[in-house]
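Participant: Next up is a structure, given as structure tokens.
Residue numbers (the working numbering): -1 to 359.
Printed below as a string of structure tokens:
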């Protein structure tokens, strides 16, 4: 039918995918040599060193500061909460978005001292008329209830991904040197659990957690709603756009675009927790080269996180049982990376302290 042909055409309209190249290996080696010239045991800061090296490869320049970080918090609501899968109502998303814009939310306070600019983005907050400081990219007034049919039209999924890419371009154009991903939306651990079950080929009950604090009864309702949504919609595991349309969220689709945009515009992206991990898996499925351009921040308490991390081939910097969302884990990881950058840029050599440098043996 004409509609099916249009859907297939839309899947090819993700902006600038063909521009993604390999990271700059020469810059990685220069960064590695810069670490090895410092007065400390070789490789002693572990993954903090290798991540700095990889960021050098992303930017093509070993001279880094990570002094201008940006955190996009993508906000959207999900119609599946009609099924009793959350203890919160839609108005919580709008309230948190306003708090983020005012600089009062938890992640804003966690970010103090890092130089992070926190920017909330509305791609689908229900019954939200806008607020100063919240970027307005609203595509729907919350998604549809995925237990009764697809959550998002295909066209809106592709638009959300392209918004993520556009936001990344804006960040790069304005000189931000590291991008962090965060989210806020009622019902989004439900959509993420549905996508995780499909991506990992695991039972829904094994990948579904309590979100913001569901009781046993609430958790059972959540698992049941996800199972019904998957049965009703039959998402195609080989088609990330179809999965997002059938059981996804606008926030997840937009964050998928942020990861793709990081690879296009060569800006490093730090993944947050469960929901952004799912988005990262979808981004890599769309274009495998994206994987080299983002980093894991922390190991969330959500039950699917370890399996998702393994699927992505990433390792968390922080494992502190955090499960807040809002990009909080990404900010925690950034703090450690900025500490490492202070060492990296110190220039403190073995010659300065009058001893012979370590050499690989």
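We put the CB at the ideal spot given by N, CA and C, even for glycine.
Taking residue 138 and residue 212 to be in contact with their CB atoms under 8 Å, please state how far apart those CB atoms are, rounded to whole angstroms.
Facilitator: Going by Cβ atoms, the distance from residue 138 to residue 212 rounds to 25 Å, so no, they are not a contact pair.
Participant: Quick one, are the C-beta atoms of residue 263 and residue 184 less than 7 Å apart?
Facilitator: Cβ atoms of residue 263 and residue 184: not closer than 7 Å.
Participant: Do the segment 300 to 318 and the segment 189 to 207 make contact, defined as three or more Cβ pairs closer than 8 Å?
Facilitator: Result yes; three or more Cβ-Cβ pairs closer than 8 Å.
Participant: Indicate the three-state DSSP secondary structure (helix, strand or coil) for residue 255 in the structure shown.
Facilitator: Three-state DSSP puts residue 255 in a helix.
Participant: Look up residue 296 in the DSSP assignment and say whether it is helix, strand or coil.
Facilitator: Reduced to three states, the DSSP call for residue 296 is strand.
Participant: Is it right to say residue 235 is buried, meaning 16 or more other beta carbons lie within 10 angstroms of its own, or is it exposed?
Facilitator: Exposed is the call here.
Participant: Decide if residue -1 is buried, meaning its Cβ has at least 16 other Cβ atoms within 10 Å, or exposed.
Facilitator: Reliability of the predicted coordinates at residue -1 is poor, the pLDDT of 48 falling under 50, and the value obtained from them is presented with this limitation in mind. That one is exposed.
Participant: For residue 74 and residue 122, I'd like the C-alpha separation in whole angstroms.
Facilitator: Residue 74 and residue 122: Cα-Cα distance of roughly 4 Å.
Participant: Excluding the 5 residues flanking residue 25 on each side, which residues of the same chain have their C-beta closer than 8 Å to its C-beta?
Facilitator: Same-chain partners within the cutoff: 54, 55, 57, 58, 59 and 60.
Participant: From residue 91 to residue 36, what does the alpha carbon distance come to, in whole angstroms?
Facilitator: The straight-line gap from Cα to Cα measures roughly 46 Å.
Participant: Can you tell me which residues form a DSSP beta bridge with residue 120?
Facilitator: 73 and 134.
Participant: So, using beta-carbon positions, are residue 293 and residue 257 closer together than 7 Å?
Facilitator: For residue 293 and residue 257, no; Cβs fall outside 7 Å.
Participant: Have a look at residue 155 and residue 355 and give me their C-alpha separation to the nearest angstrom.
Facilitator: So the alpha carbons of these two residues sit roughly 54 Å apart.
Participant: What whole-angstrom Cβ distance do residue 333 and residue 145 have, given they're in contact under 8 Å?
Facilitator: With a Cβ gap of about 40 Å, residue 333 and residue 145 do not count as contacting.
Participant: Could you spell out the range, first to last residue, of the beta strand (DSSP E) harbouring residue 182?
Facilitator: Residues 176 to 182.
Participant: In terms of alpha-carbon separation, which member of 242, 312, 16 and 341 lies closest to residue 148?
Facilitator: It is 242 whose Cα lies nearest to the Cα of residue 148.
Participant: Give me the residue from 277, 178 and 96 with the minimum Cα distance to residue 187.
Facilitator: Answer by Cα proximity: 277.
Participant: In angstroms with no decimal places, state the Cα-to-Cα distance between residue 76 and residue 151.
Facilitator: C-alpha separation (whole angstroms): 14 Å.
Participant: Could you tell me the distance, in whole angstroms, from the CA atom of residue 304 to the CA atom of residue 321?
Facilitator: C-alpha separation (whole angstroms): 14 Å.
Participant: For residue 339, tell me which candidate among 43, 16 and 12 has the shortest Cα-Cα distance.
Facilitator: Checking every option, the nearest Cα to that of residue 339 belongs to 43.
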